[in-house]
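Report on the structure given below.
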Amino acid sequence: MRSFASDNNARVHHEILEAIIRANDGDVISYGDDVYTQRAIEKFKEIFGKDIDVYFVYNGTGANVLALTAITKPFNAIIASPMSHINVDECGAVEKSSGCKIITVPSSDGKIRIDDIKKLLHAKGVEHHSQPKVISITQSTEVGTVYTVEEIKEITKFAHENDMYVHMDGARIANAAASLNKSLREITKDAGVDVLSFGGTKNGMMFGEAVVFFNRELSKDFKFVRKQGTQLHSKMRYISAQFEALLSNDLWLKNAKHANEMAQYLEEKVKEIDEIKLTQRVEANAVFAIMPRKAIEKLQEKYFFYIWDEEKDEVRWMTSFDTKKEDIDLFVEEIKRAMRDF
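Going from the sequence shown to the numbering used here is simple: count from 1 and add 106.
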């Protein structure tokens, strides 16, 4: 039975598996000094330009933690959305490792805005307060919305004018680029982002993420930060080979486009059910909805998915690169059946 809980639940794309198998041939030098890693880094440079630094890590938490640790000091503060992954779903890892305080600003749609960030700058220069140093945004956001290029540029301009950096949690960066019909470079480097956590796992890879520095002044010591942060993979070729495949022949884009289209298809089907209220714009590969708790419980007997907000009975349904229309049709029939029972 198809799960609509998370794109993490999806299988590995067959082209990624084939790349791993091809890499599994003989001995190569470990810790990234291999041809697979060099080719994968070149793929990133083809997309973002030669003047970047790229480091591969195991997972998204590792990417976020190390990226933010590398560009802050323990007395700094990181500004983020209250629903951001670094604030909610990483068990305090960023604060523990960086020593920084995460300060959240209000958000109902996953995005944060300059008017709210401005209110925190009174602390700058005051020795009694954590010093704001990084604005961290998620693209696409935790509720499936997407920052426009103009919105990102506004944030990065404000950050740089106030001696701050911008970190982007791009666990679903591919879905955002597909949604905006923009290149990966346009929504990151060209928009002024300093460092990006580039996601692969949610878009068809088995494991592995990348930390991409567009501001190379910030990456000088990152190889030591990565090692000390336990994210240096000895058999690096198995991460690198996946990224080489993902970034070849627009596989990353094809996967993301399909996931987004399936979310839009699910949205269309759910809109036909009057008793269900959609709560967020469907811009990437997530659908958020409110439905009766009894119907949720009935539906969960057949399908695995998460309740996003217990108080509001709001659920999250995610689609992935291998979700099919038939999967959604069956799911919607079960939704209707659960709603009829209550």
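Using N, Cα and C, we set each Cβ at its ideal position, and we do this for glycine too.
Item: Threonine 210 vs alanine 186 beta-carbon contact at 8 angstroms; Value: yes
Item: Within 8 angstroms, strictly: CB atoms of leucine 174 and serine 242; Value: yes
Item: Pairwise C-alpha distance: methionine 189 and glycine 205; Value: 20 angstroms
Item: Per DSSP, cross-strand counterpart(s) of glycine 276; Value: Phe304
Item: Three-way DSSP call (helix, strand, coil) for aspartate 159 in this model; Value: strand
Item: Spatial distance of tyrosine 161 from alanine 176 (CA atoms); Value: 12 angstroms
Item: contact_flag[the segment 297-308, the segment 264-277] where n(CB pairs < 8 angstroms) is 3 or more; Value: yes
Item: Continuous beta strand (DSSP E) stretch holding asparagine 182: start and end; Value: 182-186
Item: Opening and closing residue of the alpha helix (DSSP H) in which glutamate 417 lies; Value: Note, glutamate 417: premise wrong, no alpha helix (DSSP H); not H, not E.
Item: Buried or exposed by the 16-neighbour rule on C-beta atoms within 10 Å, applied to serine 426; Value: buried
Item: Of the residues Asp140, Val255, Tyr344, the one placed nearest isoleucine 293, counting alpha carbons only; Value: Val255
Item: Supposed contact pair valine 171 and glycine 335 - C-beta distance, whole angstroms, cut 8 angstroms; Value: 7 angstroms
Item: Residues near valine 249 by beta carbon distance below 7 angstroms, same chain, minus five either side; Value: Met189, Asp215, Gly216, Gln386, Ala392, Phe394
Item: Rounded separation between arginine 332 and asparagine 165 - CA only; Value: 12 angstroms
Item: Span of the beta strand (DSSP E), counted from its first residue to its last, around valine 393; Value: 392-396
Item: Which listed residue (Leu123, Glu121, Pro212, Phe264) has its alpha carbon closest to that of aspartate 222; Value: Pro212
Item: Status (buried if at least 16 other CB within 10 Å, exposed otherwise) for isoleucine 258; Value: buried
Item: Residue nearest to threonine 262 in terms of C-alpha spacing, selected from Asn281, Val240, Asp131; Value: Val240
Item: Beta strand (DSSP E) runs wholly inside the segment 284-354, at least 3 long, in chain order; Value: 301-305, 315-319
Item: Touch test, the segment 126-141 against the segment 337-356, Cβ-Cβ under 8 angstroms, three pairs minimum; Value: yes
Item: Inter-residue spacing [alpha-carbon to alpha-carbon] between aspartate 131 and histidine 120; Value: 18 angstroms
Item: Methionine 189 (DSSP reduced to helix, strand or coil); Value: coil
Item: Cross-strand partners of isoleucine 243 (DSSP beta bridge); Value: Met274
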